[in-house]
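Residue numbers (the working numbering): 51 to 302.
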């Protein structure tokens, strides 16, 4: 008796596997492509920061120009110079953990000749030097010249604790919150990280702006694309086995 020809119809289980393979592969390819775009963005950021941070300093924007600073990407890390007098009585210390260990950023308003204020991050002090009286030599009086990098204010985030102005506990360099708490008018919407020019007594320690950025986007993209290829191969293998013709038994 002649055996019947095995059916070539795709089985329902194989259809499910094909559907899942297509969906998962599409998601992995999308993630890989997203990382490629992130790589392009990161390389552009690094190039822009390098160019701005090492350029000849220019005058910090005047108050009349602040309205045009809505997009931090247009100004952040620009190297600027400014002249004024520190208002040490309005200083705040923002908690941080730096390459020098735990301590504080010293943020001090600098009043310029036109009456406008710019918050200057003068640099880092260790925890035992938070109190200005412990580093009185560094509390410079009279006009000073500052060179540094423009920075966009921090507004909090996943890894930053909420500021507690009432108890003078600061965890983010939120310029608007600092100036509002201190009642400071005509304050710039940005702050300036002072460069490494030494302060009297050695504190605060300036020039601590982080100018290196992690860049693992290429390895992430390759990983996602490899996973997509593995899913395709696995899907093909499972589908082939599910849809293989059923071999007739000896009893048929």
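For glycine and all other residues, C-beta sits at the position ideal for the given N, C-alpha and C. Owing to the predicted nature of the structure, the values given are computational and were not obtained by experimental measurement.
Next item on the list: Report the rounded CA-to-CA distance for residue 233 versus residue 149, giving the unit in angstroms.
Entry: If you take the alpha carbons of residue 233 and residue 149, they lie about 33 Å apart.
Checklist line | Delimiting residues of the alpha helix (DSSP H) encompassing residue 69 | finding: Its alpha helix (DSSP H) spans residues 62 to 103.
Check: Do residue 4 and residue 167 have their C-beta atoms closer together than 9 Å?
Finding: Residue 4 lies beyond the residue range present for the chain, which begins at 51 and ends at 302; the question has no answer from this structure.
Check: Where does residue 166 fall in DSSP's three states?
Finding: Residue 166 falls in the coil class under three-state DSSP.
Check: Which residues bound the alpha helix (DSSP H) around residue 280?
Finding: Counting along the chain, the alpha helix (DSSP H) containing residue 280 begins and ends at 267 to 292.
Next item on the list: Could you tell me whether the Cβ atoms of residue 170 and residue 132 are closer together than 9 Å?
Entry: Taking a C-beta distance under 9 Å as the contact criterion, residue 170 and residue 132 qualify as a contact pair.
Next item on the list: Whole angstroms is fine: what's the gap from residue 68's alpha carbon to residue 128's?
Entry: The alpha-carbon atoms of residue 68 and residue 128 are separated by roughly 52 Å.
Checklist line | DSSP three-state assignment for residue 251, whether helix, strand or coil | finding: The answer is helix: DSSP assigns residue 251 an H, G or I state.
Item checked: Best match in 259, 275 and 221 for proximity to residue 104 [C-alpha to C-alpha] -> When each option's Cα is compared against that of residue 104, the closest is 259.
Item checked: Short Cβ contact (9 Å threshold) for residue 243 with residue 256 -> Between residue 243 and residue 256, the C-beta spacing is below 9 Å.
Next item on the list: Using three-state DSSP, classify residue 59 as helix, strand or coil.
Entry: Three-state DSSP puts residue 59 in coil, outside helix and strand.
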